[in-house]
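Chemist: So that we are looking at the same thing, I have put the structure below in structure tokens.
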Amino acid sequence: MLELRLVQGSLLKKVLDAMRELVNDANFDCSATGFSLQAMDSSHVALVALLLRSEGFEHYRCDRNLSMGMNLNNMSKMLRCAGNDDIITIKADDGTDSVTFMFESPNQDKIADFEMKLMDIDSEHLGIPDAEYQAIVRMPSSEFARICKDLSSIGDTVVISVTKEGVKFSTAGDIGTANIVCRQNKTVDKPEEATIIEMQEPVSLTFALRYLNSFTKATPLSDTVTISLSSELPVVVEYKIAEMGYIRYYLAPKIEE
Amino acid sequence: EVFQNTLVDYFNNK
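Listed in order, the protein sequences are those of chains A and B. FYI, in the working numbering the residues of the first sequence are 1 to 257. FYI, in the working numbering the residues of the second sequence are 258 to 271.
Here it is, written out as structure tokens:
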């Protein structure tokens, strides 16, 4: 028996919007720790990892570990039927081949339930080791989204370089080149507007902008984004989900042979 | 030529 009640139901809608461009089908894993997911895109160069901790739910019952295969577009179609202020409850019985999403309006005058068929999905679960990163950049998520969008109108790839001067995003295409430098800026009115660079040593890596633009679909989930870079390691782009957990994206760098 | 390793190469084989 599984029953997860999320008062802030709109958060689940935002989580789906943050993943469905990258991944079509995925297994959602429920355990005592929380509601989680790990899935790769079809070319296996990008990965999304989600954790919504059990403590973040108003009610969390998960009698035994359960993995539920879902088509994210179908799940999104169902969640779009929930109002933004609705409370969402996810329910499933042991051994069943469906999941029920229950939507309650805030004053309890409307209750809806949508049952969705589950799928069998073969997915590879990667063991991602903890790593020390050469540079970690924290910046406003809206600024990162703007940079990725702007640069993708010029080129297909971005070089992200971190030095003590700041973080530089560079691209080149048929029509020309573009460089955007963000300097460390801790002296802002609101902490979420700061750009903070923790650098052990300079690092420069190249990534496909198409994937980074997909990652920025998570912007509504968090005011800030953390970008962790190391030579020869996938970049980690993390959006913290307040009081619940995180959505992390991993992307393999492009390598010049 | 530019190419991309997969995440499986990074996390399961390295």
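Think of the CB as a built atom: it goes at the ideal place given N, C-alpha and C, for glycine as much as any other residue. As the structure is a prediction and not an experimental result, all values here were calculated from the model.
Quick check on the DSSP output: the alpha helix (DSSP H) that includes residue 71 of chain A runs from which residue to which?
Modeler: Unbroken run through residue 71 of chain A is the beta strand (DSSP E), 66–71; no alpha helix (DSSP H).
Chemist: If the cut is a Cβ gap below 8 Å, which residues of chain B does residue 137 of chain A touch?
Modeler: Near residue 137 of chain A there are no residues of chain B at all, since even the closest Cβ is about 20 Å away, more than 8 Å.
Chemist: So, are the CB atoms of residue 231 of chain A and residue 203 of chain A less than 8 Å apart?
Modeler: Yes, they are a contact pair.
Chemist: To the nearest angstrom, how far is the alpha carbon of residue 160 of chain A from that of residue 141 of chain A?
Modeler: For residue 160 of chain A and residue 141 of chain A, the distance between alpha carbons rounds to 16 Å.
Chemist: Counting Cβ pairs closer than 8 Å, one from the stretch 15–26 of chain A and one from the stretch 40–54 of chain A, do we hit at least three?
Modeler: Yes, they touch.
Chemist: Find out if the Cβ-Cβ distance for the pair residue 226 of chain A, residue 136 of chain A is shorter than 8 Å.
Modeler: A contact, by the Cβ cut-off of 8 Å.
Chemist: Run through the DSSP bridge pairs and tell me what residue 53 of chain A is partnered with.
Modeler: For residue 53 of chain A, which the question treats as bridged, DSSP gives the partners A:34.
Chemist: Here's the rule I'm using: 16 or more other beta-carbon atoms within 10 Å means buried, otherwise exposed. How should residue 13 of chain A be labelled?
Modeler: So residue 13 of chain A ends up on the buried side.
Chemist: Please report how far the alpha carbon of residue 59 of chain A lies from the alpha carbon of residue 3 of chain A, in whole angstroms.
Modeler: Straight-line Cα distance between these residues: approximately 7 Å.
Chemist: Mind checking if residue 59 of chain A is an interface residue toward chain E, Cβ cutoff 8 Å exclusive?
Modeler: Structure shown: chain E not included; protein chains present are A and B.
Chemist: Taking 7 Å as the limit between beta carbons, can you name the residues of its chain near residue 213 of chain A, skipping five residues before and five after?
Modeler: Closer than 7 Å at Cβ, skipping near neighbours: 148, 149, 152.
Chemist: Relative to the C-alpha of residue 111 of chain A, which residue among A:118, A:103, A:117 is closest?
Modeler: Nearest option by C-alpha distance: A:103.
Chemist: Where DSSP assigns a beta bridge to residue 27 of chain A, which residues make up the other side?
Modeler: Answer is A:69, bridged to residue 27 of chain A.
Chemist: Is the Cβ of residue 233 of chain A closer than 8 Å to any Cβ of chain B?
Modeler: It does; some Cβ of chain B falls within 8 Å.
Chemist: From residue 179 of chain A to residue 27 of chain A, what does the alpha carbon distance come to, in whole angstroms?
Modeler: Their Cα atoms are separated by approximately 39 Å.
Chemist: If you compare alpha carbons, which of A:184, A:105, A:37 is closest to residue 7 of chain A?
Modeler: Nearest C-alpha to residue 7 of chain A: A:105.
Chemist: Since residue 124 of chain A meets chain B, which of its residues come closer than 9 Å, beta carbon to beta carbon?
Modeler: Within chain B, the residues near residue 124 of chain A are 265, 269.
Chemist: Are there 16 or more other CB atoms within 10 angstroms of the CB of residue 108 of chain A, so buried, or fewer, so exposed?
Modeler: Per the 10 Å Cβ criterion, exposed.
Chemist: At a CB-CB cut-off below 7 Å, which residues of chain B make contact with residue 252 of chain A?
Modeler: Chain B residues near residue 252 of chain A: 261, 262, 263, 264, 267.
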